[in-house]
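Colleague: Quick one: the structure is below, questions incoming.
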Amino acid sequence: GAGVSQSPSNKVTEKGKDVELRCDPISGHTALYWYRQRLGQGLEFLIYFQGNSAPDKSGLPSDRFSAERTGESVSTLTIQRTQQEDSAVYLCASSLDLAGGASTGYTFGSGTRLTVV
Amino acid sequence: SQQGEEDPQALSIQEGENATMNCSYKTSINNLQWYRQNSGRGLVHLILIRSNEREKHSGRLRVTLDTSKKSSSLLITASRAADTASYFCATASIQGAQKLVFGQGTRLTINP
Numbered sequence: 072g073a074g075v076s077q078s079p080s081n082k083v084t085e086k087g088k089d090v091e092l093r094c095d096p097i098s099g100h101t102a103l104y105w106y107r108q109r110l111g112q113g114l115e116f117l118i119y120f121q122g123n124s125a126p127d128k129s130g131l132p133s134d135r136f137s138a139e140r141t142g143e144s145v146s147t148l149t150i151q152r153t154q155q156e157d158s159a160v161y162l163c164a165s166s167l168d169l170a171g172g173a174s175t176g177y178t179f180g181s182g183t184r185l186t187v188v
Numbered sequence: 008s009q010q011g012e013e014d015p016q017a018l019s020i021q022e023g024e025n026a027t028m029n030c031s032y033k034t035s036i037n038n039l040q041w042y043r044q045n046s047g048r049g050l051v052h053l054i055l056i057r058s059n060e061r062e063k064h065s066g067r068l069r070v071t072l073d074t075s076k077k078s079s080s081l082l083i084t085a086s087r088a089a090d091t092a093s094y095f096c097a098t099a100s101i102q103g104a105q106k107l108v109f110g111q112g113t114r115l116t117i118n119p
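As you go down the protein sequences, you meet chains R and V in turn.
Sequential numbering from 72 applies to the first sequence in this note's numbering.
Sequential numbering from 8 applies to the second sequence in this note's numbering.
Pasting the structure below:
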């Protein structure tokens, strides 16, 4: 597609429920990244994919968080047993190459705003 | 800890004035990038400067990089109301260069 697409754009869920967030990167982009942004804060790295592999999962906050990528395309971020502190905007980005997207930078999606009540 | 730290946290200026934002970082970098974010959603890539570059221009944007001081600045000239947004610097360090580490951002407000 023309850009990075994320769905849903907004999600309200009850504490304890599981949620799945989806990211469709730009076709042909090798690298895919997930970040979390709490209100008024900077971006917190969660995980990145090179192809379908995740060499760096160091930012995942707990074992309730997992992510996968298939077909070197779509990625899903799953949060199990959601807690109120999980409320944030979850941003996905893709880049043509690694090294921080060294040739063209990242292209971000519009994010999923998750609210846990 | 955050690699990039922006300064100031918030900046309010009159339309037509120039806006300068600064970023400091801690480790050796491969490149440094600036992004803009409107309304707390997706970020837009503005400009990328590599570690062997000192200055780069793009339209009304000018970025400088001083690797000896581990700092960068973003200058927006002749500001417009549409420039109102949050601006983030992001670094790709030589170690762990595969991901960008973002700072906390500068909230820029352009008053008409």
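Note that CB positions come from ideal geometry on N, CA and C, so glycine has one too.
Note that the structure is predicted; figures quoted are calculated from it, not measured.
Do the stretch 14-27 of chain V and the stretch 176-188 of chain R meet, that is, are 3 or more Cβ pairs less than 8 Å apart?
Modeller: Taking 8 Å as the limit for Cβ pairs, the verdict is that the stretch 176-188 of chain R does not touch the stretch 14-27 of chain V.
Colleague: By DSSP's criteria, TYR177 (chain R) is part of a beta bridge. Which residues make up the other side?
Modeller: Here residue 177 (chain R) is taken as the residue at index 106 of the first sequence, counted from 1. TYR177 (chain R) pairs with nothing; no bridge assigned.
Colleague: Run through DSSP, which three-state label would GLN40 (chain V) get?
Modeller: Taking the first residue of the second sequence as 1, we reach residue 40 (chain V) at position 33. Strand.
Colleague: By Cβ distance below 7 Å, which residues in the same chain neighbour LYS77 (chain V) in space, the five residues on each side in sequence not counted?
Modeller: Locating residue 77 (chain V) in the second sequence gives position 70, where the first residue counts as 1. So the qualifying residues of the chain are SER31, TYR32 and LYS33.
Colleague: Look at the alpha carbon of SER93 (chain V) and the alpha carbon of SER80 (chain V), and state the distance between them as a whole number of angstroms.
Modeller: As a working mapping, residue 93 (chain V) is identified with position 86 in the second sequence. As a working mapping, residue 80 (chain V) is identified with position 73 in the second sequence. About 15 Å.
Colleague: So which residues on chain R does GLN21 (chain V) lean against when the C-beta distance must stay under 7 Å?
Modeller: Walking along the second sequence from the start, residue 21 (chain V) turns up at place 14. Going along chain R, no residue has its Cβ under 7 Å from GLN21 (chain V), so there is no contact; the nearest lies around 24 Å.
Colleague: Within 7 Å of any Cβ in chain R, is that where the Cβ of SER8 (chain V) sits?
Modeller: If you number the second sequence from 1, residue 8 (chain V) lands on position 1. With a pLDDT of only 35 at SER8 (chain V), under the threshold of 50, the placement of this residue in the model should not be trusted, and no figure is reported.
Colleague: Taking the alpha carbon of LEU185 (chain R) as the reference point, which residue from R:CYS94, R:ARG109 and R:ALA73 has its own alpha carbon closest?
Modeller: Reading the first sequence from its first residue, position 114 is the one you call residue 185 (chain R). The option with the nearest alpha carbon to LEU185 (chain R) is R:ARG109.
Colleague: Along chain R, in chain order, which residues have C-beta atoms closer than 7 Å to that of LYS106 (chain V)?
Modeller: The residue you call residue 106 (chain V) lines up with position 99 of the second sequence. The contacting residues are TYR104, PHE116, TYR119, ASP127 and GLY171.
Colleague: Spell out whether any CB of chain A is found under 7 Å from the CB atom of PHE179 (chain R).
Modeller: Of the chains in the structure shown, none is chain A; the protein chains are R and V.
Colleague: If you reduce the DSSP assignment to three classes, tell me which class ALA73 (chain R) lands in.
Modeller: For the purposes of this step, residue 73 (chain R) is identified with residue 2 of the first sequence, where counting begins at 1. Coil at ALA73 (chain R), not helix or strand.
Colleague: Assuming GLN102 (chain V) and TYR119 (chain R) are in contact, meaning their beta carbons sit under 8 Å apart, how far apart are those beta carbons, in whole angstroms?
Modeller: Here the question's residue 102 (chain V) lines up with position 95 in the second sequence. Here the question's residue 119 (chain R) lines up with position 48 in the first sequence. No, GLN102 (chain V) and TYR119 (chain R) are not in contact; Cβ-Cβ is about 15 Å, not under 8 Å.
Colleague: Tell me, please, which residues DSSP counts as bridged to HIS100 (chain R).
Modeller: For the purposes of this step, residue 100 (chain R) is taken as the residue at position 29 of the first sequence. In the DSSP output, where bridge partners are listed per residue, HIS100 (chain R) has none listed.
Colleague: Does HIS64 (chain V) pass the burial test, meaning 16 or more other C-beta atoms within 10 Å, or should it be called exposed?
Modeller: In the second sequence, residue 64 (chain V) corresponds to position 57, counting from 1. Classification for HIS64 (chain V): exposed.
Colleague: Kindly provide the ranges of any beta strand (DSSP E) runs that are 3 or more residues long and lie completely inside the stretch 18-89 of chain V, ordered along the chain.
Modeller: Taking only runs of at least 3 residues, the beta strand (DSSP E) segments lying wholly in the stretch 18-89 of chain V are 26-31, 36-44, 50-57, 62-65, 68-73 and 78-83.
Colleague: Measuring alpha carbon to alpha carbon, tell me which residue in R:LYS88, R:SER158, R:ARG93 and R:SER165 is nearest THR101 (chain R).
Modeller: For the purposes of this step, residue 101 (chain R) is taken as residue 30 along the first sequence, with counting starting at 1. Measuring from the Cα of THR101 (chain R), the nearest candidate turns out to be R:SER165.
Colleague: When the cut-off is 7 Å and only beta carbons count, does LEU55 (chain V) lie next to chain R?
Modeller: Working through the second sequence from its first residue, we reach residue 55 (chain V) at position 48. Chain R contact via Cβ: present.
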